[in-house]
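Going by our numbering, the sequence shown opens with residue 55, and the numbers climb by one from there.
Quick notes on the structure that follows.
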Amino acid sequence: MSRPPGSICAYQVDILELLQTLTREHGRTVVTVLHDLNFAVNYADLLVFLKQGRIAGTISDNDVCSPELIKRVFDVDVADVD
Numbered sequence: 055m056s057r058p059p060g061s062i063c064a065y066q067v068d069i070l071e072l073l074q075t076l077t078r079e080h081g082r083t084v085v086t087v088l089h090d091l092n093f094a095v096n097y098a099d100l101l102v103f104l105k106q107g108r109i110a111g112t113i114s115d116n117d118v119c120s121p122e123l124i125k126r127v128f129d130v131d132v133a134d135v136d
């Protein structure tokens with residue numbers, strides 16, 4: 055069954071915002087696995103990157119996901135664009 059464009063993104067945003075609200079209001083920790091880096095960066099307080107079962111890097115909500123980290127984790131070359 056096909057889904058309308060954008061329906062999954064809207065659902066994901068709703069769930070992530072709900073989890074964010076619940077963690078802040080109740081002082082709880084949520085551990086989740088996200089494969090979409092944009093969602094992870096926007097909603098997580100701490101990101102732990104795994105590669106082949108090992109920690110390849112971490113960033114907190116105040117850090118920037120560097121091109122070096124992207125290369126190390128995803129084996130993709132990226133460049134900063136201003």
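Where is the CB? At the ideal position from N, CA and C, for every residue including glycine.
- In the DSSP assignment, residue 95 falls outside any beta strand (DSSP E) and within the unbroken alpha helix (DSSP H) covering 91-97.
- For a cut-off of 8 Å, the C-beta gap from residue 121 to residue 135 is around 11 Å, too long to register as a contact.
- Counting only the Cα atoms, residue 117 lies some 11 Å from residue 98.
- Taking a contact as a CB-CB distance under 8 Å, the pair residue 101 and residue 113 counts as one, their CB atoms being some 5 Å apart.
- Residues 97 of the same chain have their beta carbon placed closer than 7 Å to that of residue 74, with the five preceding and five following residues left out of the count.
- Within the same chain, 124 come within 8 Å of residue 130 by CB-CB distance, once the 5 residues on both sides are set aside.
- Cβ contact annotation for residue 82 (same chain, cutoff 8 Å, sequence separation greater than five): 76, in chain order.
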